[in-house]
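J.: Here my numbering is used: the first residue of the sequence shown is 412, the next is one more, and so on. The beta carbon of each residue, even a glycine, is placed where N, CA and C say it ideally should be. Below is one structure. I have some questions about it.
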Amino acid sequence: MLEPIQTTAKKIKRLEIQGARNVAIAAIKAIETLAKETKAKNKKKFLKELSEAKEILFISRETEPLMRNAVRWIISQVERSGKEKIKELAEIVASASQRFLRNLEDSKEKIAEIGARRIRNNSVILTHCHSSTVTYLLKRAKKEGKSFEVICTETRPVFQGRMTAKEMLELGVKTTLIVDSAARFFMNQADFVIVGADAITSEGNVINKIGTSMIALVAHEARTPFYVVSELLKFDPATMYGDYEKIEERSPNEIWKNPLENLIIRNPAFDVTRRDFIHGIICEEGIISPQSVIEVMHRKYPWVFE
């Protein structure tokens with residue numbers, strides 16, 4: 412009965428589903444499908460199925476705390492319920508899934524509303540990689556009648572920056588695509604930088620697509636404000652207890668399909684941007700400092716720390 416979970420995990424691993432929000436949504440829907448189709452005869456076996464599903468999803472991509480938080484929360488609702496009948500437990504999964512998805516949608520709307528206020532007419536914004544939350548924010552600003560330009564890095568080696576460029580062009584935004592290594596050359600033309608996030612640590616550091624920390628350093632040098640756009644639920648509670656957010660290394664074939672013999676190719680998918688280089692995190696609670704994330708999390712989502 413784990414087929415919907417395994418199918419989703421494979422798609423996540425192959426990058427057919429990408430972006431922290433999209434990965435979380437896919438995982439939630441897979442858990443919901445599993446609950447609907449389960450053949451478990453009692454609560455104990457149902458929870459065992461959910462636990463196995465959780466492990467499969469968790470190893471599909473290492474740097475996905477939003478997905479992990481979502482799955483953990485849904486399972487916790489089943490564990491805490493006094494229900495025993497499978498049909499009732501499946502309904503709890505469905506209800507919890509929909510509540511989490513609504514929360515994600517509400518957060519996206521709030522982030523877009525808050526972030527769009529930072530965009531002034533004739534602004535030039537530099538972006539890196541592709542974040543559905545970032546592009547939604549920019550779409551909101553455009554809908555409000557603001558005129559701005561976007562500089563997109565191509566984002567090697569999988570070129571997710573092209574997705575951002577395509578969406579901006581479809582929106583009617585003047586868009587420039589540059590190679591990643593040209594970020595310093597163009598930084599002085601940007602009024603600010605906006606990037607997404609895959610994870611936020613307890614120290615307020617941000618894990619995002621490889622190259623983000625380099626761009627943050629360049630922005631710091633140029634005194635260009637560097638903003639991270641993220642739902643608070645990308646916070647990884649494990650980092651409070653000494654764990655480091657794992658950095659996924661992807662296939663060398665993404666960089667060079669037929670490399671030279673004996674050549675070592677490294678392909679980390681993410682890097683860590685220190686909080687010192689982050690002007691602010693645009694989240695559903697406002698624009699906050701990286702250092703205050705853990706405090707705001709305790710207030711907004713206390714269950715994450717349980």
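Considering only their Cβ atoms, is the gap separating R551 from A527 smaller than 8 Å?
T.: Here residue 527 corresponds to residue number 116 of the sequence shown, with the count starting at 1. Here residue 551 corresponds to residue number 140 of the sequence shown, with the count starting at 1. The Cβ-Cβ distance between A527 and R551 falls below 8 Å.
J.: If you measure between the beta carbons of L548 and V604, is that distance less than 8 Å?
T.: On the sequence shown, residue 548 is found 137 positions in, with the first residue counted as 1. On the sequence shown, residue 604 is found 193 positions in, with the first residue counted as 1. Contact: no.
J.: How about the stretch 665-675 and the stretch 585-596: do they share at least three Cβ pairs that are nearer than 8 Å?
T.: no
J.: Output the residue ranges of the alpha helix (DSSP H) runs that lie fully inside the stretch 469-493 and measure 4 residues or longer, sorted by chain position.
T.: 476-491
J.: How long is the line joining the alpha carbons of A627 and P701, rounded to whole angstroms?
T.: As a working note, residue 627 is residue 216 in the sequence shown. As a working note, residue 701 is residue 290 in the sequence shown. Within the model, the alpha-carbon separation for A627 versus P701 is close to 14 Å.
J.: Is it true that the stretch 639-655 meets the stretch 474-482, where meeting means three or more beta-carbon pairs spaced less than 8 Å apart?
T.: Under the three-pair Cβ rule at 8 Å, the stretch 639-655 counts as touching the stretch 474-482.
J.: Near K553, which residues of its chain fall below 6 Å by C-beta distance, leaving aside the five closest residues on each side in sequence?
T.: Residue numbering aside, residue 553 sits at position 142 when the sequence shown is read from its first letter. If we look at K553 and ignore the five residues flanking it on each side, its Cβ neighbours are L582.
J.: Quick one: what's got a C-beta closer than 7 Å to E656's C-beta in the same chain, skipping five residues either side?
T.: To locate residue 656, count along the sequence shown from 1; it is residue 245. The answer, listed in chain order, is T474, A610, T612, I618, D647, T650.
J.: Just verifying my parser: in three-state terms, what is the DSSP assignment at K585?
T.: The count along the sequence shown starts at 1 and reaches residue 585 at position 174. Strand at K585.
J.: Can you look up A610 in the DSSP assignment and give me helix, strand or coil?
T.: Here residue 610 refers to the residue found at position 199 of the sequence shown. Here A610 carries a strand assignment [DSSP, helix/strand/coil].
J.: By the three-class DSSP mapping on this structure, what secondary structure does Y652 have?
T.: Looking up residue 652 in the sequence shown gives position 241. The answer is helix: DSSP assigns Y652 an H, G or I state.
J.: Considering only residues of the same chain and omitting the five flanking positions on each side of E632, which have a CB-CB separation below 6 Å?
T.: Locating residue 632 in the sequence shown gives position 221, where the first residue counts as 1. Residues of the same chain with their beta carbon placed closer than 6 Å to that of E632 are lacking, with the five preceding and five following residues left out of the count.
J.: Looking at the unbroken alpha helix (DSSP H) that takes in D517, where does it start and where does it end?
T.: Along the sequence shown, one-based indexing puts residue 517 at 106. Per DSSP, D517 belongs to the alpha helix (DSSP H) from 497-527.
J.: So if DSSP puts Y547 in a beta bridge, which residue, or which two residues, is it bridged to?
T.: One-based indexing of the sequence shown puts residue 547 at position 136. Note: Y547 sits in no beta bridge, so no partner.
J.: Roughly how many angstroms separate the alpha carbons of V715 and A438, rounded to a whole number?
T.: In the sequence shown, counting from the first residue as 1, residue 715 sits at position 304. In the sequence shown, counting from the first residue as 1, residue 438 sits at position 27. Near 18 Å, if we compare the C-alpha coordinates of A438 and V715.
J.: With distances taken between CB atoms, is the gap from I699 to V707 smaller than 8 Å?
T.: If you number the sequence shown from 1, residue 699 lands on position 288. If you number the sequence shown from 1, residue 707 lands on position 296. Inclusion of I699 and V707 in the CB contact set at 8 Å is warranted, their separation being smaller than that value.
J.: Mark N453 as exposed unless 16 or more other C-beta atoms lie within 10 angstroms of its C-beta, in which case mark it buried.
T.: Position 42 of the sequence shown holds residue 453. Its Cβ having fewer than 16 others within 10 Å, N453 is exposed.
J.: Thinking just about the alpha-carbon of each residue, which of L671, F637, S641, I530 is nearest to the one in D687?
T.: For this step, residue 687 is matched to residue 276 along the sequence shown. Comparing Cα positions, the closest option is F637.
J.: If you count every other CB in all the chains shown that lies within 10 Å of the CB of A692, and 16 or more means buried, which is it?
T.: The residue you call residue 692 lines up with position 281 of the sequence shown. The sequence given here places Ile at residue 692; Ala does not occur at that position. I692 should be labelled buried.
J.: Rounded to the nearest angstrom, how far is the Cβ of K607 from that of L588, given a contact under 8 Å?
T.: Within the sequence shown, the letter at position 196 stands for residue 607. Within the sequence shown, the letter at position 177 stands for residue 588. The sequence as given places Gly at residue 607; Lys does not occur at that position. Between L588 and G607 the Cβ distance is about 18 Å, and since that is not below 8 Å, they are no contact.
J.: Apply the 10 Å Cβ neighbour rule to T418 and answer buried if 16 or more other Cβ atoms are within range, or exposed otherwise.
T.: Here residue 418 corresponds to residue number 7 of the sequence shown, with the count starting at 1. Exposed, since its Cβ has fewer than 16 Cβ neighbours within 10 Å.
J.: In whole angstroms, give me the CA-to-CA distance for E443 and N480.
T.: In the sequence shown, the residue the question calls residue 443 occupies position 32. In the sequence shown, the residue the question calls residue 480 occupies position 69. So the two alpha carbons sit approximately 15 Å from each other.
J.: My guess is that P568 and N678 are in contact by the Cβ rule of under 8 Å, so how many angstroms apart are they, rounded?
T.: Indexing the sequence shown from 1 puts residue 568 at position 157. Indexing the sequence shown from 1 puts residue 678 at position 267. Contact flag correct, Cβ pair sits at about 7 Å.
J.: Between I621 and S558, what straight-line distance do the alpha-carbon atoms span, to the nearest angstrom?
T.: The sequence position of residue 621 within the sequence shown is 210, counting from 1. The sequence position of residue 558 within the sequence shown is 147, counting from 1. In a straight line, the C-alpha of I621 is about 29 Å away from that of S558.
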